[in-house]
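Trainee: Start counting the sequence shown at 528; every next residue gets the next number (my numbering).
One structure follows; several queries about it will come next.
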Amino acid sequence: MTYIDFFKELGKQIIALNRYFGNKIASQEFETNPFGDVSVFIDKKAQEIIVESIIKQSIKCSLLSEESGFMDFGQKYPLFIVDPIDGSLNAKRGIPYSAFSIALAYSQTSDSMTEAYVLNLSNSDEFFAIKDKGTFLNNEPIQKLSIASEIASIEGIKRQTSLDDLKNIFKSFHRIRSMGSVALDLCYLGLGSIDVFFHIQPSRIIDYAAAKLIIEETGGGVFEWGSKTPYIAPIDTSKDKPFWALSDIKKLDYFYNKIYSGGVV
528 MTYIDFFKEL
538 GKQIIALNRY
548 FGNKIASQEF
558 ETNPFGDVSV
568 FIDKKAQEII
578 VESIIKQSIK
588 CSLLSEESGF
598 MDFGQKYPLF
608 IVDPIDGSLN
618 AKRGIPYSAF
628 SIALAYSQTS
638 DSMTEAYVLN
648 LSNSDEFFAI
658 KDKGTFLNNE
668 PIQKLSIASE
678 IASIEGIKRQ
688 TSLDDLKNIF
698 KSFHRIRSMG
708 SVALDLCYLG
718 LGSIDVFFHI
728 QPSRIIDYAA
738 AKLIIEETGG
748 GVFEWGSKTP
758 YIAPIDTSKD
768 KPFWALSDIK
778 KLDYFYNKIY
788 SGGVV
């Protein structure tokens, strides 16, 4: 038994919210969520869809969501790790790059994740992965692109970000992108559309849980910042560490030496 069909059903309901993207309703504010951010209409509605579906289908589980923190539905595991709308700032502003993201775990660390699903809410691209069985795009096994020029994506840049942390990244790639959805960036990394991804600030597991399994099942990898150590994240509400990720793990030494030999740590 897998939960992928359940995740797809959630996706069908949540993508209907894109009719609100870019208008005033999308940005209507509600209460502050457990992480100190103000929930807006589209986040709140997506969360309601998820909770109501779990209850309706009598699924015994727990839930970790950006909108609610931990919720108990009668059983500690399976644990669903959910970002109802990743890239909600894009969605509020009508920028077509946001996603619904959900992963399944059986302990409190990311290496226990067994299933993952990410839906592009703008074009309906549907990524899912099952541990040891690969990653699929729109129900077909992913066929990686092979493009000579090297492209990187970076998220987490803030006003206080040190330029020293960025200079080697910027000079190491043909182009740099910052698109506003960690989940989608990592999924397209798995597709080969992007070669390397950097999250330069500490991030919550909620933002990237599903996409982490997706990239790993394509033959890519996620690593601790400035290191070749595989990144195993705690499944909790904290912001843990910055990290970087590769489309192709066979190129780990090549990209590590290219980027970090200049001192970007």
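Using N, Cα and C, we set each Cβ at its ideal position, and we do this for glycine too.
How far does the beta strand (DSSP E) with Ala643 in it extend, from its first residue to its last?
Mentor: Counting along the chain, Ala643 sits inside the beta strand (DSSP E) bounded by residues Glu642 to Asn647.
Trainee: Who pairs with Val565 in a beta bridge, going by DSSP?
Mentor: Thr559, per the DSSP bridge assignment.
Trainee: With a cut-off of 8 Å, do at least 3 Cβ pairs link the stretch 683 to 696 to the stretch 597 to 608?
Mentor: Between the stretch 683 to 696 and the stretch 597 to 608, the count of C-beta pairs closer than 8 Å stays below three; the two stretches do not touch.
Trainee: Given that a residue counts as buried once 16 or more other Cβ atoms are within 10 Å of its Cβ, and exposed if not, what is Leu616?
Mentor: exposed
Trainee: For the stretch 754 to 790, list the alpha helix (DSSP H) runs that are entirely contained and at least 4 residues long, ordered along the chain.
Mentor: 779 to 787
Trainee: Is it right to say Lys739 is buried, meaning 16 or more other beta carbons lie within 10 angstroms of its own, or is it exposed?
Mentor: Of the other Cβ atoms in all chains shown, 16 or more fall within 10 Å of the Cβ of Lys739; this residue is therefore buried.
Trainee: Once you ignore the five residues that flank Arg704 on each side, which residues in its own chain have a CB closer than 6 Å to its CB?
Mentor: Ser680
Trainee: For a minimum of 4 consecutive residues, which ranges assigned as the alpha helix (DSSP H) are wholly contained in the stretch 662 to 722?
Mentor: Those alpha helix (DSSP H) runs which fall completely within the stretch 662 to 722 and span 4+ residues are 694 to 699 and 709 to 718.
Trainee: Within its chain, find whatever has a CB closer than 7 Å to the CB of Lys785; leave out the 5 residues flanking it on each side and keep chain order.
Mentor: Ser699
Trainee: Can you list, in chain order, the residues of its chain whose CB lies under 6 Å from that of Tyr715, leaving out five sequence neighbours each side?
Mentor: Correct list, in chain order: Ile721.
Trainee: In whole angstroms, give me the CA-to-CA distance for Asn550 and Leu537.
Mentor: 23 Å
Trainee: Closest to Ile608 by C-alpha separation, out of Leu711, Cys588, Lys571 and Phe750, would be which residue?
Mentor: Closest option to Ile608, Cα to Cα, is Cys588.
Trainee: Going by alpha carbons, who is nearest to Ser641 out of Ile674, Ala626, Lys766 and Gly661?
Mentor: Before going on, a small fix: residue 641 reads as Thr here, not Ser. Of Ile674, Ala626, Lys766 and Gly661, the residue nearest in Cα terms is Gly661.
Trainee: Determine the DSSP secondary structure at Ile732, reduced to helix, strand or coil.
Mentor: Here Ile732 sits in helix by DSSP.
Trainee: Starting from the Cα of Ser625, find the closest Cα among Asn647, Lys671, Pro605 and Asp775 and give me that residue.
Mentor: Put simply, of Asn647, Lys671, Pro605 and Asp775 the residue whose alpha carbon is nearest the alpha carbon of Ser625 is Asn647.
Trainee: In whole angstroms, what separates the C-alpha of Phe725 from that of Phe557?
Mentor: 32 Å
Trainee: With Ile762 and Leu590 assumed to form a contact (beta carbons below 8 Å), what rounded beta-carbon distance in angstroms separates them?
Mentor: Wrong, their Cβ atoms sit about 12 Å apart, outside the cutoff.
Trainee: Of the residues Ala573, Ala760 and Ile552, which one's Cα is nearest the Cα of Ser634?
Mentor: Ala760
Trainee: Which residues does DSSP list as the beta-bridge partners of Leu631?
Mentor: Phe607 and Glu642
Trainee: In this structure, what does DSSP give as the bridge partners for Met598?
Mentor: Per DSSP, Leu590.
Trainee: Below 7 Å between beta carbons: does that hold for Ala630 and Ala737?
Mentor: yes
Trainee: Given a threshold of 16 other Cβ atoms within 10 Å of its Cβ, counted over all protein chains shown, does Lys755 qualify as buried or as exposed?
Mentor: exposed
Trainee: Are Ser649 and Pro668 close, meaning C-beta to C-beta below 7 Å?
Mentor: 7 Å or more divides the Cβ of Ser649 from the Cβ of Pro668.
Trainee: Where does Asp570 sit, in a helix, a strand or coil, going by DSSP?
Mentor: helix
Trainee: Within its chain, find whatever has a CB closer than 6 Å to the CB of Lys671; leave out the 5 residues flanking it on each side and keep chain order.
Mentor: Gly719
Trainee: Just mark Ala656 as buried or exposed, buried being the case when its beta carbon has 16 or more other beta carbons within 10 Å.
Mentor: buried
Trainee: Indicate the three-state DSSP secondary structure (helix, strand or coil) for Ala737 in the structure shown.
Mentor: If DSSP states are grouped into helix, strand and coil, Ala737 belongs with the helices.
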